[in-house]
Structures are given as structure tokens and as C-alpha cells.
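Chemist: Residue numbers (my numbering): 111 to 368.
For glycine and all other residues, C-beta sits at the position ideal for the given N, C-alpha and C.
Remember, it's a predicted structure, so these values are computed and weren't measured experimentally.
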């Protein structure tokens, strides 16, 4: 079983609300379709909010301090719109995919998210590829709703499904020694162990890139006690790169062994 998280920043421009990088999305979906047809349907896809969900949530938090019922509704609508675009791209390539809105199966209880993934397993058993996404869900907080990120959902699914591989498709090639968007001399970290990742997090030198929450994405796996998983961070700058990652071939990116 493999889990693919498509970062919102990889397929959209967060500076332009409701924008889609169709060239990148097409590359990603082409690779997924090729893998599914040649290998297996044991795959789950998650995508982030990108320029659809993030701007709305940002304005909501700025104006109300959280997610109220109105913010929940309009954020949910935006995420459904993005999800349908991705579902449509998959279907057009012959991939049997289905949307599973997290707000129908997940709930925030205290500081944890509880999700009933049984429906995901049911679809997988019938050869259907579930597609989930970062969403807003019911919460016991004062305003009644909370954001659940695509990263969190990815890790929950990885643990629940005993997945062997989790792939983060982002707008950078992996984890760097510095922010690669600011420092041309930044070096890509190609391999990390779980212990090395923990040491980086505890280090006071702060010399590892955390742009886009890259480090926090990886630390979620430790927080949720995920074990025996190969995690890949990569971008989709060329065709067949994601296919090769799914097929177990060597690619340029960061691999973390949990």
C-alpha cells in the first residue's frame, strides 16, 4: 500500500486564489495513471488546499480568530471544487477514483483528530482509489470547527493502512540544509533516519530548511508513532518522476526511513 500527498503549493499558486498549475497537475496525474495501470490500485491520494482553501482560512482566522459555521461552509465548498478538478483529471486518464471528504469521516477531539477510515478500506477492496484532502471538520472548540491538514490525513492513513511508502509531492525537491528558495548554495539532504530527523528537530542551530513546514510534515510521523515506512519528499518537475518513486526506482529527493 502506498500513499501520495500532493501538496497544494505544488499544483497551485497560493498568491493567486483559485489558480491551478495544470502543467504540473497533468504530470502528476499522468504518472499516477501509468502506475495504476501497470502495477496496482493499492494507492490512496491526498491533496492540500493550495490557493483554494488557504486564502479563505487565512481571512477567517484573521477576522474571527477561528473557523465559524460560515467559514466552514465556504472553505468546504472551495476544497470540494479543487478536489473535483483532480478527480476529473484522474477519471479522464482511466483511473477509477472517488472523492472522500474528510469532514464526513473526521472530527477534532481535544488536540487530536479521529477519523473513521473504514470507508477508505472498503473502496480500496473494490479497486477504487480514494482521494482525500485537507479540509475543515467538526470540533469541540468554541467556534465548532477546525482545519485538518492534508499532511495529518496522510500520516493517519499511512498508519491505519500499514502503508509501506508515503510520498510527499511538493514544490521543492526535498529537505535542504538551507531554504533553497533563498540560498543557491543550499544542499539537498538525500537520506535521513528517524533518529537523525529527531536530532535535527532538537538542534538549536536551525540550519535545516523548514520552508512550507517541511520539517513539521516529517515530525508528524514521529508524533503519531508511525513505523516501518519509507517517506519520500520530491517535486514533480519532470514526467515519470512520481511514477519512478511509486515503482521503487531511485529519484532525486529526500528519503526518510521510519
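Considering only C-alpha positions, which residue in the set 304, 213, 114 and 281 is nearest to residue 366?
Modeler: The candidate whose alpha carbon is nearest that of residue 366 is 304.
Chemist: Can you give me the start and stop residues for the alpha helix (DSSP H) that residue 327 sits inside?
Modeler: Looking at the DSSP string, the run of the alpha helix (DSSP H) that includes residue 327 is 324-333.
Chemist: Inspect the beta-carbon positions of residue 276 and residue 339 and report whether they are closer than 8 Å.
Modeler: Cβ distance < 8 Å, so residue 276 and residue 339 count as in contact.
Chemist: Using 8 Å as the Cβ pair cut-off and three pairs as the minimum, do the stretch 352-368 and the stretch 129-141 touch?
Modeler: Cβ pair count under 8 Å is three or more, so yes.
Chemist: Given a cut-off of 8 Å on the beta-carbon distance, is the pair residue 249 and residue 255 in contact?
Modeler: Yes. Within cutoff.
Chemist: Would residue 345 be called buried (16 or more neighbouring beta carbons within 10 Å of its own) or exposed?
Modeler: Its Cβ being crowded by 16 or more others within 10 Å, residue 345 is buried.
Chemist: Consult DSSP for residue 232 and reduce its assignment to one of helix, strand or coil.
Modeler: DSSP places residue 232 in helix when its eight states are reduced to three.
Chemist: Spell out a yes or no on whether the stretch 356-365 and the stretch 296-311 are touching, meaning 3 or more CB-CB pairs, one atom from each, closer than 8 Å.
Modeler: Yes, the stretch 356-365 is in contact with the stretch 296-311.
Chemist: Taking the alpha-carbon of residue 113 as reference, which of 343, 347, 348 and 349 has the nearest alpha-carbon?
Modeler: The shortest C-alpha separation from residue 113 is found at 343.
Chemist: So which of 176, 200 and 213 has the shortest CA-CA distance to residue 187?
Modeler: Among 176, 200 and 213, the Cα nearest to that of residue 187 is on 213.
Chemist: State yes or no: is the C-beta of residue 182 within less than 8 Å of the C-beta of residue 122?
Modeler: It is not a contact, given that the beta carbons lie outside the stated cut-off.
Chemist: With the cut-off set at 8 Å, would you say residue 245 and residue 119 are in Cβ contact?
Modeler: No, the pair does not count as a contact, with Cβ atoms beyond the cut-off.
Chemist: So residue 190 is in the alpha helix (DSSP H); what residue range does that whole segment cover?
Modeler: From DSSP, the alpha helix (DSSP H) with residue 190 extends over 179-202.
Chemist: State the start and end residues of the unbroken alpha helix (DSSP H) segment that holds residue 146.
Modeler: Start and end: 132-148.
Chemist: Quick one: is residue 219 buried, meaning 16 or more other Cβ sit within 10 Å of its Cβ, or exposed?
Modeler: By the neighbour-count rule (16 or more Cβ atoms within 10 Å), residue 219 is not buried but exposed.
Chemist: Rounded C-beta distance between residue 205 and residue 146? I'm assuming under 8 Å.
Modeler: The pair is a contact, with the Cβ atoms about 5 Å apart (cut-off 8 Å).
Chemist: Report buried or exposed for residue 174, applying the criterion of at least 16 other Cβ atoms within 10 angstroms of its Cβ.
Modeler: Exposed, since its Cβ has fewer than 16 Cβ neighbours within 10 Å.
Chemist: For a test of the three-state rule: what should DSSP assign to residue 298, helix, strand or coil?
Modeler: Correct three-state label for residue 298: strand.
Chemist: Look at the alpha carbon of residue 151 and the alpha carbon of residue 283, and state the distance between them as a whole number of angstroms.
Modeler: Cα-Cα distance, rounded: 26 Å.
Chemist: Looking at the strands, I want to know which residues DSSP matches up with residue 208.
Modeler: Paired residue(s): 240.
Chemist: Classify residue 357 as helix, strand or coil using the three-state DSSP reduction.
Modeler: Coil.
Chemist: Look up residue 168 in the DSSP assignment and say whether it is helix, strand or coil.
Modeler: Three-state result, residue 168: helix.
Chemist: For residue 291, is the classification buried or exposed, using 16 other Cβ atoms within 10 angstroms of its Cβ as the cut-off for buried?
Modeler: Exposed, since its Cβ has fewer than 16 Cβ neighbours within 10 Å.
Chemist: Cβ of residue 310 within 8 Å of Cβ of residue 325?
Modeler: It is a contact, given that the beta carbons lie within the stated cut-off.
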